[in-house]
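In what follows, a single structure is set out as structure tokens and then discussed.
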Amino acid sequence: MKIAENVPDFALPDQSGEMRSLSDLTANGPLVVFFYPLAGSGGCTRQACHFRDLQQEFAAAGASIVGISTDSEAKQLDFATKNGFNYPLLSDRQGEVADLFGVRRHLLAKSLPTKRATFIVDKEKVLRFAVSSETNMDLHANQALAALAQMQ
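With positions in the sequence shown counted from 1, the corresponding number in my numbering is that position plus 5.
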């Protein structure tokens, strides 16, 4: 996916088994989509908690948040419960949405978890922002907030 391209609609189950579509998630404004490799790992916990801690700032910018990994719904639920996340965590078991966003590892690494990346999809399902960093966990939420401020 490239900036300014339309993002095809998709639907994945959240941590409670409820199907969530991109259309529904963007209905009220921009959606911050962050991919993380492994629910419960140290880096992923830090990344997801940083989004949680800045959730009021995202709401003030009119945006909602969703996290996606290839983890099962049960693992996503455990991750959300342990860390008090009140945004959806989607289970992309087959990696189809990761492929769509270009964050799935290829070739021999295809069995490895997805790359760590964050995107903003606007209300019209157009990709407006992308950032990727495997090591700087705070960068994702911080840069997404800055991008939302520039979009307003």
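Note that beta-carbon positions come from the ideal geometry of N, C-alpha and C, so glycine has one too.
Query                                                                                            : Result
Spatially closest choice to S137 from G89, Q52, Q157, by CA coordinates                          : Q52
L27 versus S21, M142, H55, F106, residue with shortest Cα-Cα distance                            : F106
Closest by C-alpha distance to F124, when choosing among V38, S69, L43                           : V38
Stretch-stretch touch, CB-based, cutoff 8 Å, three pairs: the region 46-63 with the region 12-30 : no
C-alpha gap between Q99 and K128, whole angstroms                                                : 26 Å
Contact set for V108: own chain, Cβ-Cβ below 6 Å, skip 5 residues either direction               : F40, T119, K120, A122
Assigned secondary structure, S96 (DSSP; H/G/I helix, E/B strand, else coil)                     : strand
Nearest residue (CA-CA) to L181, options D14, V126, A79                                          : The displayed coordinates of the chain run from 6 to 157. Any statement about residue 181 would go beyond what the structure contains.
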